[in-house]
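Numbering (numbering that gives the first Met the number 0), first residue to last: 0 to 453.
Note that CB positions come from ideal geometry on N, CA and C, so glycine has one too.
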Amino acid sequence: MPVGLSRWTMAYFATALGAFLAAQALMAAGVTYPSEAMISGHTLVGVHLITIGWLTLLMVGALLQFVPVITGTGEIGERAGLPSLIAVGCGLSGMIAGFLALDGTLPAAWLAALPLGGGLVLAGLSLVGVIIARALAAARPLALAGRFVAVSLCFLLLTIGLGLCFALAFAWPEAVPWAGRLTNDLTLHVASGLIGWFTLTAIGVSYRLLSMFMLAPEDDSGLGVKVLRLAAAGLALLWLDMFLGDMPIVGPMWKGGLFLLIVAAVLYLVDMARIYRARRRPILELNSKTAAAALVALGVCVVGFATGKVTGRLPSMIGPLAYLLLFGWLSGLALGQLYKIVPFLTWLEQYGPSLGKTAVPRVQDLVQEARAAPWFVLYFAAVAAGTVSGFLGQVELWRAAIFLHLVASLFIVRELWRVRRLRYVAPAGSAGAAAHPPAPVQPVQSAYPGKRSP
Ligand code: HEM
Numbered sequence: 000m001p002v003g004l005s006r007w008t009m010a011y012f013a014t015a016l017g018a019f020l021a022a023q024a025l026m027a028a029g030v031t032y033p034s035e036a037m038i039s040g041h042t043l044v045g046v047h048l049i050t051i052g053w054l055t056l057l058m059v060g061a062l063l064q065f066v067p068v069i070t071g072t073g074e075i076g077e078r079a080g081l082p083s084l085i086a087v088g089c090g091l092s093g094m095i096a097g098f099l100a101l102d103g104t105l106p107a108a109w110l111a112a113l114p115l116g117g118g119l120v121l122a123g124l125s126l127v128g129v130i131i132a133r134a135l136a137a138a139r140p141l142a143l144a145g146r147f148v149a150v151s152l153c154f155l156l157l158t159i160g161l162g163l164c165f166a167l168a169f170a171w172p173e174a175v176p177w178a179g180r181l182t183n184d185l186t187l188h189v190a191s192g193l194i195g196w197f198t199l200t201a202i203g204v205s206y207r208l209l210s211m212f213m214l215a216p217e218d219d220s221g222l223g224v225k226v227l228r229l230a231a232a233g234l235a236l237l238w239l240d241m242f243l244g245d246m247p248i249v250g251p252m253w254k255g256g257l258f259l260l261i262v263a264a265v266l267y268l269v270d271m272a273r274i275y276r277a278r279r280r281p282i283l284e285l286n287s288k289t290a291a292a293a294l295v296a297l298g299v300c301v302v303g304f305a306t307g308k309v310t311g312r313l314p315s316m317i318g319p320l321a322y323l324l325l326f327g328w329l330s331g332l333a334l335g336q337l338y339k340i341v342p343f344l345t346w347l348e349q350y351g352p353s354l355g356k357t358a359v360p361r362v363q364d365l366v367q368e369a370r371a372a373p374w375f376v377l378y379f380a381a382v383a384a385g386t387v388s389g390f391l392g393q394v395e396l397w398r399a400a401i402f403l404h405l406v407a408s409l410f411i412v413r414e415l416w417r418v419r420r421l422r423y424v425a426p427a428g429s430a431g432a433a434a435h436p437p438a439p440v441q442p443v444q445s446a447y448p449g450k451r452s453p
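In structure tokens, the structure reads:
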């Protein structure tokens, strides 16, 4: 394994993409929301395939690769990466069986698989989570991206902890009566997961990656610090609200928490616009264009959420908004960044050992953006169409849009597969190679500006 390359990141990415395709297929087939109720066993299967199978595994895989870069430490998770992936995979399978038992698809005896599976997920993620947290702790004071990741890991733990309480309350309500008291608020589980874990990680990593890919100056003491503080304070208020139960302060706390989260999101979007304006790379690469589309999706979510709250129409808007958050913002950003990260890691794996000894192709020679771009356009257009159909209550149109972004995702995965197989790199000495002469040998740190060679 070349220096600087995480051994298990690609395995995490492959598993995550499998779960992403499976979840979209279930939605398009009409097995889960939007065809089924938002809280039903089948929908919970789809939701956790996306949240644990796709986004969590993708983020953990990416963190195993990038935390050493953010912190300047050596490789992490070499031994724990695989056991952790297996534990999460088996745990998620158990959870799926438990969810299916919830609505009678499987016999009630299978309900025990829900907390047992959740426990395995907790064990697997704790294993890598502790390793990532230790790498971050050893590198204090942390750069901005590292601070976001440190806070988001705490919310991962809280999300899973609360999910386990739900599971215990469903499976053994008499044996664990205390679990029921913590399970009043599903919103807290959802907010901690979608905002605290996913969005904070995505924000932190985007500060680092987008500045790096667009050659924009990084500003570790600017708005980003305020974004992190406001978001963490907003989420902390939501949690306090739950623990304070029926006290009179509770309503204002909840509203205050939501307000801080909205302000944090707006500041983040303003800061991202600054990074795009300040970039020194005039022509955007595909992953920076897709990130812009994902940021627009986040902006629409924020406006939609604030409008729904003010007008009191949030309950009827929450489904399409959650869909846009998951598929437009989080999955859109993730797919686009994969299209940059996978070629880079493949390049490092294939050409890293030859660096300095012979000429090597550039990272961009591993991709053909013109082939992938239409599929990304289809992906984002389909998510936009799905969101509009959701707002209009047109479930069949919504399913058709989901089918379209499933097709787009499949073709994007095919492009990633081609990158892995070096399909676009002309063999040395061929006519194609002559047409694309190898660029001068690049030192690895040029891909990670400002950091030591990974
Ligand atoms: C990254 C981790 C997780 C995220 C982001 C997450 C996200 C979610 C979301 C969005 C929902 C709402 C689904 C809907 O409205 O249809 C939900 C519900 C639920 N989650 Fe999780 N989840 C996570 C981990 C877990 C774990 C480890 C368990 C443990 C088994 C769990 C158990 C549950 C249960 C039982 C519900 C339904 C609660 C109810 O209906 O009252 N979750 N989760």
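For L78, which three-state DSSP category applies? On the sequence shown, position 79 is the one that residue 78 refers to. Looking at the sequence itself, residue 78 is Arg, so the reference to Leu does not match. R78: coil per DSSP, three-state reduction.
When the distance is taken between beta carbons, is G195 closer than 7 angstroms to P234? Walking along the sequence shown from the start, residue 234 turns up at place 235. Walking along the sequence shown from the start, residue 195 turns up at place 196. The question names Pro, yet the displayed sequence has Leu at residue 234. Their beta carbons are under 7 angstroms apart, which means L234 touches G195 by this criterion.
K465, DSSP secondary structure in three states: Only positions 0 to 453 of the chain appear in this structure, which leaves residue 465 out of reach.
(Q) One question on the structure: do P281 and G389 come within less than 7 angstroms of each other, judged by their Cβ atoms? (A) Indexing the sequence shown from 1 puts residue 281 at position 282. Indexing the sequence shown from 1 puts residue 389 at position 390. The Cβ atoms of P281 and G389 do not sit closer than 7 angstroms to each other.
**Asked** Hey, I75 and I38 are a contact pair by Cβ (cut 8 angstroms); roughly how many whole angstroms apart?
**Response** Taking the sequence shown and counting its residues from 1, one reaches residue 75 at position 76. Taking the sequence shown and counting its residues from 1, one reaches residue 38 at position 39. Incorrect: roughly 37 angstroms between the Cβ atoms, too far for contact.
Are I202 and F147 close, meaning C-beta to C-beta below 7 angstroms? On the sequence shown, residue 202 is found 203 positions in, with the first residue counted as 1. On the sequence shown, residue 147 is found 148 positions in, with the first residue counted as 1. Yes; because the gap between Cβ atoms is below 7 angstroms, this pair is in contact.
Query raised in the report: Are the beta-carbon atoms of V226 and A263 separated by less than 7 angstroms?
Result: Your numbering for residue 226 matches position 227 in the sequence shown. Your numbering for residue 263 matches position 264 in the sequence shown. For V226 and A263, yes; Cβs fall inside 7 angstroms.
**Request:** Select from V204, Y275, R228, Q64 the residue whose C-alpha is nearest the C-alpha of F12.
**Result:** The count along the sequence shown starts at 1 and reaches residue 12 at position 13. Residue Q64 is the option with its Cα nearest to F12.
**Segment limits, alpha helix (DSSP H) that includes L199** = As a first step, residue 199 must be located in the sequence shown, where it is residue number 200. Its alpha helix (DSSP H) spans residues 199-213.
query = What is the residue span of the alpha helix (DSSP H) that R370 lies within?
reply = Within the sequence shown, residue 370 is the residue found at index 371, counting from 1. 368-391 is the span of the alpha helix (DSSP H), which, as asked, contains R370.
To the nearest angstrom, how far is it from the Cα of F242 to the Cα of W253?
Your numbering for residue 242 matches position 243 in the sequence shown. Your numbering for residue 253 matches position 254 in the sequence shown. The alpha-carbon atoms of F242 and W253 are separated by roughly 12 angstroms.
Quiz item: When the Cα atoms are used, what is the spatial distance from G128 to G97?
Solution: For the purposes of this step, residue 128 is identified with residue 129 of the sequence shown, where counting begins at 1. For the purposes of this step, residue 97 is identified with residue 98 of the sequence shown, where counting begins at 1. Answer to the nearest angstrom: the Cα atoms are 25 angstroms apart.
Segment contact flag, the region 170-179 with the region 153-160, C-beta cutoff 8 angstroms, min 3 pairs = no
Work out the CA separation of S125 and R133 for me, nearest whole Å. Residue mapping note: residue 133 aligns to position 134 of the sequence shown, counting from 1. Residue mapping note: residue 125 aligns to position 126 of the sequence shown, counting from 1. Using only the alpha carbons, I get a separation of about 12 angstroms.
Looking at the structure shown, is T104 part of a helix, part of a strand, or coil, going by DSSP? For this step, residue 104 is matched to residue 105 along the sequence shown. DSSP places T104 in coil when its eight states are reduced to three.
Check your understanding: Grouping DSSP H, G and I as helix and E and B as strand, with all else coil, what is D270?
Key -> The residue labelled residue 270 in the question sits at position 271 within the sequence shown. Note: D270 maps to helix in three-state DSSP.
- Task: Could you check the C-alpha separation between M9 and T345 for me, to the nearest Å?
- Result: Taking the first residue of the sequence shown as 1, we reach residue 9 at position 10. Taking the first residue of the sequence shown as 1, we reach residue 345 at position 346. Answer to the nearest angstrom: the Cα atoms are 9 angstroms apart.
For R146, which of helix, strand or coil comes out of DSSP? Along the sequence shown, one-based indexing puts residue 146 at 147. Looking at R146 - three-state DSSP - the assignment turns out to be helix.
**Message:** Could you check whether the Cβ of L297 sits closer than 6 angstroms to any heavy atom belonging to ligand 1?
**Reply:** Mapped onto the sequence shown, residue 297 falls at position 298. L297 Cβ: outside cutoff for every heavy atom of ligand 1.
T42 CB to nearest heavy atom of ligand 1 below 6 angstroms = Residue mapping note: residue 42 aligns to position 43 of the sequence shown, counting from 1. Yes, since a heavy atom of ligand 1 falls inside the 6 angstroms radius drawn around the Cβ of T42.
| Can you name, in chain order, every residue of its own chain whose Cβ lies under 6 angstroms from the Cβ of W53, other than the five neighbours on each side? | Indexing the sequence shown from 1 puts residue 53 at position 54. Counting only Cβ-Cβ distances below 6 angstroms, and skipping sequence neighbours, we find A15, A18, F19.
Check your understanding: Can you list the alpha helix (DSSP H) stretches of 4 or more residues lying completely in the region 20-47, in chain order?
Key -> Counting whole runs of 4 or more residues, the region 20-47 contains the alpha helix (DSSP H) stretches 40-47.
Check: Does DSSP classify S452 as helix, strand or coil?
Finding: Position 453 of the sequence shown, counted from the start, is the residue given in the question as residue 452. Reliability of the predicted coordinates at S452 is poor, the pLDDT of 34 falling under 50, and the value obtained from them is presented with this limitation in mind. Here S452 sits in coil by DSSP.
### D364 (DSSP reduced to helix, strand or coil)
For the purposes of this step, residue 364 is taken as residue 365 along the sequence shown, with counting starting at 1. DSSP places D364 in helix when its eight states are reduced to three.
Handout entry: Sequence-distant residues of the same chain with beta carbon closer than 6 angstroms to A333, five excluded per side
Key = To locate residue 333, count along the sequence shown from 1; it is residue 334. L57.
- alpha helix (DSSP H) segment containing I131, residue limits: Position 132 of the sequence shown holds residue 131. Looking at the DSSP string, the run of the alpha helix (DSSP H) that includes I131 is 112-137.
Item to check | Option in D364, L403, D184 with minimal Cα separation from R420 | outcome: The sequence position of residue 420 within the sequence shown is 421, counting from 1. R420 has its Cα closest to that of D364, out of D364, L403, D184.
* Straight-line Cα distance separating A293 from I261 -> Counted from its first residue, the sequence shown places residue 261 at position 262. Counted from its first residue, the sequence shown places residue 293 at position 294. Roughly 17 angstroms separates the two Cα atoms.
Could you please give the first and the last residue of the uninterrupted alpha helix (DSSP H) stretch that includes R417? As a working note, residue 417 is residue 418 in the sequence shown. First-last of the alpha helix (DSSP H) with R417: 394-419.
Discussion item. Is V46 close to ligand 1? I mean its beta-carbon at under 6 angstroms from any heavy atom of the ligand.
Written reply: Walking along the sequence shown from the start, residue 46 turns up at place 47. True, at least one ligand heavy atom lies under 6 angstroms from that Cβ.
| message | Quick check: does the Cβ of T14 come within less than 6 angstroms of any heavy atom belonging to ligand 1? | response | Residue 14 sits at position 15 when you count from the first residue of the sequence shown. False, no ligand heavy atom lies under 6 angstroms from that Cβ.
Self-check item: Proximal residues to L268 (C-beta, below 8 angstroms), its chain only, five neighbours per side dropped
Solution: Position 269 of the sequence shown, counted from the first residue, corresponds to residue 268. Excluding residues within five positions, the ones whose Cβ falls inside 8 angstroms are L294, L297, G298, V301.
Looking at G88: is its Cβ nearer than 7 angstroms to the Cβ of L115? The residue you call residue 88 lines up with position 89 of the sequence shown. The residue you call residue 115 lines up with position 116 of the sequence shown. Result no, Cβ atoms of G88 and L115 do not sit closer than 7 angstroms.
- Query: Can you tell me whether E414 is buried or exposed, with buried defined as 16 or more other CB within 10 angstroms of its CB?
  - Reply: Residue numbering aside, residue 414 sits at position 415 when the sequence shown is read from its first letter. Buried, because 16 or more other Cβ atoms sit within 10 Å of the Cβ of E414.
Exercise. Out of V424, L377, E395, M26, which has the shortest C-alpha to C-alpha gap to A407?
Worked result: As a first step, residue 407 must be located in the sequence shown, where it is residue number 408. Of all alpha-carbon atoms in V424, L377, E395, M26, the one lying nearest the alpha-carbon of A407 is that of L377.
Comparing alpha-carbon positions, which option in G45, R398, M213, L152 lies nearest L455? Any question about residue 455 goes unanswered here, given that the chain covers just 0 to 453.
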